[in-house]
Amino acid sequence: MPTAIAVTSADMALPPQDERTLPAVVLRDVDRRPLEQALAEMQTLVEQHGHVIVVCSQAAPTAVQRRLHTLRSLMESDRIALFRPDLPPLGLAVLARQLRQLASCDISPGVLASAGRLLVHYIHAGALLNSVARLDRVP
11 MPTAIAVTSA DMALPPQDER TLPAVVLRDV DRRPLEQALA EMQTLVEQHG
61 HVIVVCSQAA PTAVQRRLHT LRSLMESDRI ALFRPDLPPL GLAVLARQLR
111 QLASCDISPG VLASAGRLLV HYIHAGALLN SVARLDRVP
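In the working numbering, the protein residues as written are 11 to 149.
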């Protein structure tokens, strides 16, 4: 059962590049909906997928971050990981899509979360490059 990759904004859910890539779960208005409704959605995700990695922008409102921590605390679950890398919006969307591609390979949740941290460095380095012509390695 593959790990679910959830995002806090529809802008972060890029379309898949192939038929194997899992769709992103968009947690819409997680801070504005009733707590019971958001909790039920998260419980359903955990029941269906076993583990959930939530990719959240550091620019997300504090209410969104608090709600995600509240949901995780209420569920008393270590099966929900909150991932808030310091990337621009397009970088976050690319990261979420890459995590979804890896999740479709049935990689364990711990390895997937660790891969996310490594991918952040590559995405950040790629965003800083003016050109990749004659580049044989990432500086």
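Even glycine gets a Cβ: it sits at the ideal position worked out from N, Cα and C.
### Message
Buried or exposed for Ser67, going by 16 or more other Cβ atoms inside 10 Å?
### Response
Position 57 of the sequence shown holds residue 67. Result: buried.
### Opposing strand residues paired with Leu92 [DSSP bridges]
Mapped onto the sequence shown, residue 92 falls at position 82. For Leu92, which the question treats as bridged, DSSP gives the partners Val64.
### Task
Since I believe Leu105 is in contact with Leu92 (beta carbons under 8 Å), could you give me their beta-carbon distance rounded to a whole number of angstroms?
Within the sequence shown, the letter at position 82 stands for residue 92. Within the sequence shown, the letter at position 95 stands for residue 105. The pair is not a contact, with the Cβ atoms about 14 Å apart (cut-off 8 Å).
### Message
If you measure between the beta carbons of Ala34 and Leu81, is that distance less than 9 Å?
### Response
In the sequence shown, counting from the first residue as 1, residue 34 sits at position 24. In the sequence shown, counting from the first residue as 1, residue 81 sits at position 71. Not in contact: Ala34 and Leu81 (Cβ atoms no closer than 9 Å).
### Message
I'd like the list of long-range same chain contacts for Arg107, defined as Cβ closer than 6 Å, with 5 residues on each side in sequence excluded.
### Response
Looking up residue 107 in the sequence shown gives position 97. These residues qualify, in order along the chain: Leu24.
#### Entry: CB-CB length for Ala113 against Thr18, believed under 8 Å
As a position in the sequence shown, residue 113 is number 103, starting the count at 1. As a position in the sequence shown, residue 18 is number 8, starting the count at 1. Ala113 to Thr18, Cβ: 17 Å. No contact.
### Query
Going by the CB atoms, is the gap between Met22 and Val74 shorter than 9 Å?
Here residue 74 corresponds to residue number 64 of the sequence shown, with the count starting at 1. Here residue 22 corresponds to residue number 12 of the sequence shown, with the count starting at 1. Their beta carbons are not under 9 Å apart, which means Val74 does not touch Met22 by this criterion.
### Task
Report the three-state DSSP secondary structure of Ile133 (helix, strand or coil).
Locating residue 133 in the sequence shown gives position 123, where the first residue counts as 1. The answer is helix: DSSP assigns Ile133 an H, G or I state.
### Query
Does the beta-carbon of Met52 have 16 or more other beta-carbons within 10 angstroms, so that it is buried, or is it exposed?
Here residue 52 is taken as the residue at index 42 of the sequence shown, counted from 1. With 16 or more Cβ atoms within 10 Å of its Cβ, Met52 is classed as buried.
### Message
Suppose the cutoff is 6 Å on Cβ atoms and the five residues either side in sequence are ignored; what does the same chain contact list for Leu109 look like?
### Response
Within the sequence shown, the letter at position 99 stands for residue 109. So the qualifying residues of the chain are Ile15 and Gly126.
#### Entry: Nearest neighbour of Pro71, chosen from Gly60, Asp41, Tyr132 and Met11 [CA to CA]
Position 61 of the sequence shown, counting from 1, holds the residue named residue 71. Of the listed residues, the one whose Cα sits closest to Pro71 is Asp41.
### Simplified DSSP state of Val40, which is helix, strand or coil
For the purposes of this step, residue 40 is taken as the residue at position 30 of the sequence shown. It is coil, neither helix nor strand.
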